[in-house]
């Protein structure tokens, strides 16, 4: 076994996959590693933090979003202390977009630009955010971004992976174009973090948000993260300034604060559930020492192996995603008029895929727990599903 | 043992209190019952929802905030389907205040009125909310509310229990005065729900929010709830309209939706952590069949018993809270110049109280797990703490 192979064998062993089950869902839900589940159960032991810790663990808990942020920072190419956690993705988007809008002091820019590849519900959320900020949401074709960066655009808010096609966006290029147009970027890394190499600092990006429930394995509804560039963290005014905005020292504090506030805390609004944070904190320990280049290459290689097998054995499926791994996220999306039935049939055969629309089959490759041994049974099951339609 | 006594003996037995420990912290953190911790651990079992449920449990999970809301509804005197869960208290306050402000169609009212008894961090949050809505926050002395309900006031946002004094507010009277002044109310029930009788519908209240981590035992950072009166749930426009605002039917849905959207979902923004929701859901099962009048009377009676003992044995402590149980929340707050040291000394003796300010000692009585047997050891420990200052 190659060195990479043995690293990934170890990471796969960290998950409780039942024998014979192949989990290839490309939806926003990844699996939780055993260590996260065990950590939660320990927290729930009699006498644990959930019992009487309150008065003892409060300071530690309040600092947990920052400490978890420090574990996410290297996965997105930013520095320690620049990432925080909290709430749902929707709120983090609100904080990021409002903070970006707050930076304009010159001629008024009032457009939040995004693209049609977002789901209807994501567009509804962004519509609400734009309205709350006194801005307008402009929804454009994703291929026409460079034509639409007009001088009324305040923010380009985009997913790093097109959720309709799994096409990967070039964060560095789009950020540069956006800056040349005088606007700022808010990247949604939900479908990218933990599967692709991301270098926000290298791309000179401005803001980023992301869910942590897919490739970061934090569990369903795990807290979302928020990053703001240190180029302007001192100057932004998010719409909602929480209790962290200007945290005073505790009045009875005699020693130095063991958890000095971080600048990114200015964008924090409260402290999420200790339980949810603890699970995510434990799940992120899996990433210590892993090489992001190898992770990203593995996601791509798994996809290439799968699509070659599907090409050979599953006529009738039309690939919507790019055929080139480097142009894709970690998912493959196929068109088939009966994709919903295929998904159910796969599930009955122990292969979990997902169906983002009735005619779309999505297969996701999580580098930490999928490996090449998943390909053959999944493609056999797909062949079988197609044969029995 | 009286019938009430045996009911409360059962509820106390639902918690994992170590022998000899007396938990009387009046902070926002209550204990989690064993059943909630066990439910979480079951969720974490191999093959449980955290593993592969994603595709199977999604619809159920998305409906969980509403189902939990239905368990909270009877505790605050409102109907099924009117309460939802999500995020932190701060976001729920934002949704409630912005929804209230959205109802004004006549002359512009731009003041959010609150009082000086809120903590500095709560005031900072409300300041941020008011600013985000283009309103101003006006912070007044709590005794002067009826003088300050001017015709520029849009919303009176108050805690149902004064956190500085534990004085209980008269929700019905203040709501009536506010309505007569042409404004709306947003009640923060964090320190009241689960300890006091609350009848929002009877009080003709408008909006309410609350944490669920104190007397509802949802665990640290448990999701906060939000209620809006059905008098105007169809008309409000919260600042942040989430994916739930106008949820379309699933395109491949052939049967009837098992979880039809609730009107209160219009104020929801995303779905909180499954893990955090599950713990709270289990914790709320303790309330089935409990009588809120008995709960409230018990909190009051525990307080009266404690303060009589302190009067007799602990000179030097000055009661800040009202002496009449019916005028109080479930806490007693004392002034003592060395309250922080007293709190530490109590803790060393196995009595957990809390210290909201260096010269304030706060004792909270959770009807579900505190009983009269806690009074004597707590007062003895306090005597001892005072004697050794």
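Protein chains in written order, with this note's numbering: chain A, 4 to 392; chain B, 4 to 392.
Even for Gly, the Cβ is constructed at its ideal location relative to N, Cα and C.
Compare the Cα-Cα distances from residue i to each of the options and report the closest residue.
{"i": "residue 108 of chain B", "options": "B:167, B:186, B:195", "result": "B:186"}
{"i": "residue 37 of chain A", "options": "A:370, A:223, A:17, A:47", "result": "A:17"}
{"i": "residue 182 of chain A", "options": "A:41, A:207, A:140, A:113", "result": "A:207"}
{"i": "residue 152 of chain B", "options": "B:132, B:177, B:40, B:383", "result": "B:177"}
{"i": "residue 317 of chain B", "options": "B:378, B:385, B:161, B:14", "result": "B:385"}
{"i": "residue 84 of chain A", "options": "A:100, A:99, A:66", "result": "A:66"}
{"i": "residue 27 of chain A", "options": "A:365, A:387, A:388, A:391", "result": "A:365"}
{"i": "residue 341 of chain A", "options": "A:136, A:39, A:359, A:279", "result": "A:359"}
{"i": "residue 46 of chain A", "options": "A:280, A:334, A:306, A:370", "result": "A:280"}
{"i": "residue 106 of chain A", "options": "A:350, A:235, A:44, A:122", "result": "A:235"}
{"i": "residue 76 of chain A", "options": "A:368, A:173, A:201, A:14", "result": "A:201"}
{"i": "residue 300 of chain A", "options": "A:143, A:211, A:374, A:49", "result": "A:374"}
{"i": "residue 98 of chain A", "options": "A:212, A:321, A:295", "result": "A:212"}
{"i": "residue 394 of chain A", "options": "B:278, B:174, B:241, B:392", "result": "Residue 394 of chain A cannot be examined here, being either before or after the span of chain A that is shown, 4 to 392."}
{"i": "residue 323 of chain B", "options": "B:315, B:103, B:335", "result": "B:335"}
If I follow the unbroken alpha helix (DSSP H) through residue i, where does it start and stop?
{"i": "residue 306 of chain A", "result": "295 to 316"}
{"i": "residue 161 of chain A", "result": "Taken as a continuous stretch (DSSP letters only), residue 161 of chain A belongs to no alpha helix (DSSP H), being part of the beta strand (DSSP E) at 156 to 162."}
{"i": "residue 128 of chain B", "result": "123 to 135"}
{"i": "residue 229 of chain A", "result": "That residue, residue 229 of chain A, is in no alpha helix (DSSP H); its beta strand (DSSP E) goes 227 to 231."}
{"i": "residue 103 of chain A", "result": "92 to 104"}
{"i": "residue 346 of chain B", "result": "342 to 351"}
{"i": "residue 382 of chain B", "result": "378 to 390"}
{"i": "residue 278 of chain A", "result": "277 to 287"}
{"i": "residue 107 of chain A", "result": "Where residue 107 of chain A is concerned, there is no enclosing alpha helix (DSSP H), given that its DSSP letter is neither H nor E."}
{"i": "residue 150 of chain B", "result": "148 to 151"}
Got a sec, what are the start and stop residues for the beta strand (DSSP E) residue i sits in?
{"i": "residue 359 of chain B", "result": "357 to 360"}
{"i": "residue 141 of chain B", "result": "139 to 143"}
{"i": "residue 187 of chain A", "result": "187 to 191"}
{"i": "residue 117 of chain A", "result": "114 to 118"}
{"i": "residue 88 of chain B", "result": "86 to 89"}
Suppose the cutoff is 7 Å on Cβ atoms and the five residues either side in sequence are ignored; what does the same chain contact list for residue i look like?
{"i": "residue 353 of chain A", "result": "23, 24, 25"}
{"i": "residue 145 of chain B", "result": "118, 119, 120, 165"}
{"i": "residue 221 of chain A", "result": "215, 282, 283, 286"}
{"i": "residue 332 of chain B", "result": "164, 169, 171, 194, 195, 198, 199"}
{"i": "residue 91 of chain B", "result": "227"}
{"i": "residue 31 of chain A", "result": "193, 214, 216, 217"}
{"i": "residue 71 of chain A", "result": "88, 280, 283, 284, 287"}
So who's on the other strand from residue i, going by DSSP bridges?
{"i": "residue 366 of chain B", "result": "B:28, B:335"}
{"i": "residue 81 of chain B", "result": "Bridge partners of residue 81 of chain B: none, in fact."}
{"i": "residue 210 of chain A", "result": "A:189, A:231"}
{"i": "residue 166 of chain B", "result": "Looking at the DSSP assignment, residue 166 of chain B forms no beta bridge with any residue, so it has no partner."}
{"i": "residue 18 of chain A", "result": "A:36"}
{"i": "residue 171 of chain A", "result": "A:164"}
{"i": "residue 322 of chain A", "result": "A:337"}
{"i": "residue 239 of chain B", "result": "DSSP output for residue 239 of chain B lists no bridge partner at all."}
{"i": "residue 199 of chain A", "result": "A:196"}
Closer than 6 Å by C-beta to residue i: which residues in its own chain qualify, once you throw out the five before and the five after it? Chain order, please.
{"i": "residue 74 of chain B", "result": "287"}
{"i": "residue 361 of chain B", "result": "343"}
{"i": "residue 209 of chain A", "result": "187, 188, 232"}
{"i": "residue 266 of chain B", "result": "236"}
{"i": "residue 39 of chain B", "result": "282, 285, 286"}
{"i": "residue 297 of chain A", "result": "7"}
{"i": "residue 380 of chain B", "result": "25"}
Please work out which residues of its chain come closer than 8 Å, Cβ to Cβ, to residue i, disregarding the five sequence neighbours upstream and downstream, and give them in chain order.
{"i": "residue 128 of chain A", "result": "93, 96"}
{"i": "residue 255 of chain A", "result": "Low confidence applies here, because residue 255 of chain A scores a pLDDT of 41, under 50, leaving its location unreliable and the question unanswered by this model."}
{"i": "residue 113 of chain A", "result": "137, 138, 139, 155, 157"}
{"i": "residue 378 of chain A", "result": "305, 308, 309, 312"}
{"i": "residue 20 of chain B", "result": "26, 34, 372"}
{"i": "residue 149 of chain A", "result": "180"}
{"i": "residue 326 of chain B", "result": "310"}
Point to revise | Short-range partners of chain B found in the region 334 to 345 of chain A, where Cβ spacing is below 8 Å | key: 343
Point to revise | Contact list for the region 16 to 38 of chain B against chain A, Cβ threshold 9 Å | key: 18, 19, 20, 21, 24, 26, 28, 30, 31, 32, 33, 34, 35, 37
Check your understanding: When Cβ atoms are compared, which residues of the region 96 to 128 of chain A fall closer than 9 Å to chain B?
Key -> 97, 101, 122, 123, 124, 125, 127, 128
Practice item. Could you please tell me which residues of the region 265 to 282 of chain A, in chain order, have their CB closer than 7 Å to any CB of chain B? Key: Within the region 265 to 282 of chain A, the residues whose Cβ lies closer than 7 Å to any Cβ of chain B are, in chain order, 272, 273, 274, 275, 276, 277, 278, 279, 282.
Check your understanding: Taking a cut of 7 Å between CB atoms, which residues from the region 190 to 217 of chain B lie near chain A?
Key -> Cβ contacts with chain A: none found.
Point to revise | Interface residues of the region 130 to 149 of chain A facing chain B [CB-CB below 9 Å] | key: Of all residues in the region 130 to 149 of chain A, 130, 131, 132, 134, 135, 136, 137 have a Cβ within less than 9 Å of some Cβ in chain B.
Exercise for review: Mind checking the region 222 to 233 of chain B against chain A and listing, in chain order, the residues whose C-beta falls within less than 8 Å of any C-beta there?
Suggested key: 222, 223, 224, 225, 226
Practice item. Residues of the region 308 to 321 of chain B with a CB closer than 9 Å to any CB of chain A: list them in chain order, please. Key: none
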